[in-house]
Each structure stands twice: as C-alpha cells, then as structure tokens.
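Report on the structure given below.
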Amino acid sequence: MERKLPSKGDRGKRTSRPDASRFSNRPQGTPSAPTAGPKPGNSSGAASRPPPRDGCYFCKEPHVVRLCPTATEEQKMLCYQRMKDTKVAKVKAVRASRLPVNRQVVINGLVELLYRPDSGSDVNVIPASALRDLEACAAPVAVTNMLMPVYLERVGGDLLGCRTSCDVDVMMGTAAGPVNVVNVRCIIVDDDEEEFLLGNPTLVALGIDEGRQMEQLAMSSSGVYSEENDGLPDDPETGQDDEAEVQELLDQLVANAGEPARVEPYRLQLKEAQMHRIVAGQ
Numbered sequence: 162m163e164r165k166l167p168s169k170g171d172r173g174k175r176t177s178r179p180d181a182s183r184f185s186n187r188p189q190g191t192p193s194a195p196t197a198g199p200k201p202g203n204s205s206g207a208a209s210r211p212p213p214r215d216g217c218y219f220c221k222e223p224h225v226v227r228l229c230p231t232a233t234e235e236q237k238m239l240c241y242q243r244m245k246d247t248k249v250a251k252v253k254a255v256r257a258s259r260l261p262v263n264r265q266v267v268i269n270g271l272v273e274l275l276y277r278p279d280s281g282s283d284v285n286v287i288p289a290s291a292l293r294d295l296e297a298c299a300a301p302v303a304v305t306n307m308l309m310p311v312y313l314e315r316v317g318g319d320l321l322g323c324r325t326s327c328d329v330d331v332m333m334g335t336a337a338g339p340v341n342v343v344n345v346r347c348i349i350v351d352d353d354e355e356e357f358l359l360g361n362p363t364l365v366a367l368g369i370d371e372g373r374q375m376e377q378l379a380m381s382s383s384g385v386y387s388e389e390n391d392g393l394p395d396d397p398e399t400g401q402d403d404e405a406e407v408q409e410l411l412d413q414l415v416a417n418a419g420e421p422a423r424v425e426p427y428r429l430q431l432k433e434a435q436m437h438r439i440v441a442g443q
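In my numbering, the protein residues as written are 162 to 443.
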C-alpha cells in the first residue's frame, strides 16, 4: 500500500490517523486460533486445581474428594455434607467472637446458641449439634460415658435416655451483661434440640433460687416477717401520755398545797399625772 504524502497546502493541518484495529497482518479469510478448553474427561477442570492443603477429606491423599479413587458416591456425598457443616460452624464461631445478647449463650467461646433457664430441671442439657460444631472448629470436647442413664422428660410425657455428658465453659448473655460459668456439667441429648437448657443447680449457684423467692414472698404476705414477730426485744416507748397518771399527780399537788398565802396587792402611784397625745404628722 502506497503512503500518500501531504501536499504543501495540507501542511500545518491536523490529519486523522487510520484506525489500527481495521488493519491486521493476518490474511483475510484466515480463522482465528481457538482458545484452550478443558481436556476431554475433565469438564470441570478439577485436575488443574491444586489439591487441598490437608489432602482429600476421605483418604487424605493429594487430590480432591470428587476424584478420590477409593470413596464411593455415597461416601463422597457424606464428605460434602460434612464440609458444608464445617463452613457453617466456622460462621457461627465468627459470630460468637462478640458478646452474647440476652438469652444467648456461648459454649467454650466458639459456638453460640439460645439458652432457656428451667428451675424444674435437675441437670443442664446441651444439644449434640453444639458439640459437632465445636469439633468442626478444631475444639473438640471430651465426652464421658455415664454408668447409669439419665432420663429426660420431653413434651408429651415420653422419656429420652441419655448416656453421655461433658464439661464446658458457658458465657450467658443477660440484660445486665455477660455472666461466665466454668466447668458446667451438661447432659448430651442427641435430638433435634437447638437450645441450651440451664438447670436448677446452676441457677442456685448463681443466686437465682425461685423456690426460695416464692417462700419469702409467701412468708412476707402472711406476716411472718412483720415487726411483731421479728424476735427482737421491745424498746420502751417515749412521748406517750397516760391521762390517769397525770390526773393523779395533779390531785396530789392540790392536796399538798395547804392554805393559799395572803399577799397584799402591789400598787404603783405616779407623782404627777401626765397627759400624752399624739398628733398626726408629728
């Protein structure tokens, strides 16, 4: 292509530059090279991804769970579900980094859930899902097998037998602020419960005895705690007049007075009669 030189009349004028995108060294009609796509048999590109840092969730080998040669499809699905639960537990642990609000409890500083005080329960109850969340957060709790099962009465009257227990640290959120209790013995219930049940022994240890409060209220309303039955000696009363005693004293004074004394009246006589008048204006 010949380049046309500008003439003398065109010198000093601004000329438009041709669009570079319109020109190409590639001959016309030549198709562009196709982009690299996934290899056959690896549509998702999982083989090109680096293996997990901890290895396969099932066999701990350097590959992903989907390409594990030893795991069946059911085992792979179970691994996916456990990894999903782990992510949810980590989210709960991040949320539990702040102070709990009212009616919420934080277990071992990681897992947050609701709690309900129950003065009619003799034990503390923790759901098994909270322990699974702690295990997913790399903070497992030591579980103890009890010699005798503990039966919990559920709604409807049926009994649920529990054979395991654990000790956890609890931070409860109240309207006045958080309350920390360490080494709280709890019964593990493997059910669909999502609340931490705070039993009467822990409530009494915190100074919350509803039975005692009701007893004090009943005794106060019946007069047991009144001033007449407080067991203290009575102090002598002062400032109280006895009309009969006062009248008797007056009679004694009159009887012992004797005859009245004879005293002449005292008279004062002026030397000169002085008249005084008051004139208005003076």
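No residue lacks a Cβ here, since even glycine has one placed at the ideal position from N, Cα and C.
Treat the numbers as computed from the prediction; the structure is a model and nothing was measured.
For V302, tell me which candidate among A337, V345, Y241, A336 has the shortest Cα-Cα distance.
Selected option, being the one with the closest Cα: V345.
Looking at the strands, I want to know which residues DSSP matches up with P265.
Residue identity differs from the one stated: residue 265 is Gln in this sequence, not Pro. According to DSSP, which records beta bridges pairwise, Q265 is partnered with L275.
Nearest by alpha-carbon distance to M330: which of R324, A337, V342, D403 is it?
Reading off the sequence shown, one finds Asp at residue 330, where the question assumed Met. Of the listed residues, the one whose Cα sits closest to D330 is V342.
L364 and P278 - do their beta-carbons sit closer together than 8 Å?
At the C-beta level, P278 and L364 come within 8 Å of one another.
From what residue to what residue does the alpha helix (DSSP H) around T449 run?
Past the edges of the chain, shown from 162 to 443, lies residue 449, and the structure says nothing about it.
Among residues of its own chain, excluding the 5 on either side of L321, which ones have a beta-carbon nearer than 6 Å to its beta-carbon?
Within the same chain, L313, R315 come within 6 Å of L321 by CB-CB distance, once the 5 residues on both sides are set aside.
Count the other CB atoms, across all protein chains shown, that sit within 10 Å of the CB of M375; report buried if there are 16 or more and exposed otherwise.
That one is exposed.
Limits of the alpha helix (DSSP H) - the one that V407 falls within
It spans 404–416 - the alpha helix (DSSP H) in which V407 sits, taken as one unbroken run.
Could you tell me if S282 is buried or exposed, where buried requires 16 or more neighbouring beta carbons within 10 angstroms of its beta carbon?
Counting Cβ neighbours within 10 Å, S282 comes out buried, since at least 16 surround it.
Taking only three categories from DSSP, how would you classify Q290?
The amino acid occupying residue 290 in the given sequence is Ser; Gln does not appear at that position. DSSP places S290 in helix when its eight states are reduced to three.
Through-space distance from E355 to V333, alpha-carbon basis
Looking at the sequence shown, residue 333 is not Val but Met. Spanning the two alpha carbons is a distance of roughly 16 Å.
Rounding to the nearest angstrom, what Cα-Cα distance links Q265 and G360 in this structure?
Computed Cα separation, rounded: 15 Å.
Can you check which of these residues, L228, N285, F219, is closest to R243 by C-alpha distance?
Minimum Cα distance to R243 is reached at F219.
In this structure, does DSSP put Y427 in helix, strand or coil?
In this structure, Y427 counts as coil in the three-state DSSP scheme.
Beta-carbon gap between V304 and I349 smaller than 8 Å:
V304 places its beta carbon less than 8 Å from that of I349.
Span of the beta strand (DSSP E), counted from its first residue to its last, around T325
T325: member of the beta strand (DSSP E) spanning 320–335, first to last residue.
Using alpha carbons as the reference points, say which of C327, D328, A289 lies closest to D351.
Of the candidates C327, D328, A289, the residue whose Cα lies closest to the Cα of D351 is A289.
Backbone secondary structure at S185 - three-state DSSP:
Per-residue confidence for S185 stands at a pLDDT of 46, beneath the threshold of 50, marking its modelled position as unreliable; no derived number is given.
Give the C-beta separation of C298 and L271 to the nearest angstrom, bearing in mind that I take them to be a contact with Cβ-Cβ under 8 Å.
Contact check for C298 and L271: beta-carbon distance about 5 Å, within the 8 Å limit, so the pair qualifies.
E354 by DSSP, collapsed to three states: which one?
Of the three classes helix, strand and coil, the one that applies to E354 here is coil, per DSSP.
Bridge partners for R346 per DSSP, in chain order?
By DSSP's assignment, R346 forms a beta bridge with D328.
Quick one, are the C-beta atoms of L295 and N263 less than 8 Å apart?
No.
Please identify the residue among V286, C327, L358, A366 whose C-alpha is closest to the C-alpha of N306.
For N306, the nearest C-alpha among the options comes from C327.
Relative to the alpha-carbon of A140, which residue among K245, F357, V340 has its alpha-carbon at the smallest distance?
No answer is possible for residue 140: it lies beyond the span of the chain, which begins at 162 and ends at 443.
Residues that DSSP places opposite G338 in a beta bridge:
According to DSSP, G338 bridges with T335.
With 16 other CB atoms within 10 Å as the buried threshold, where does E273 fall?
Buried, since its Cβ has 16 or more Cβ neighbours within 10 Å.
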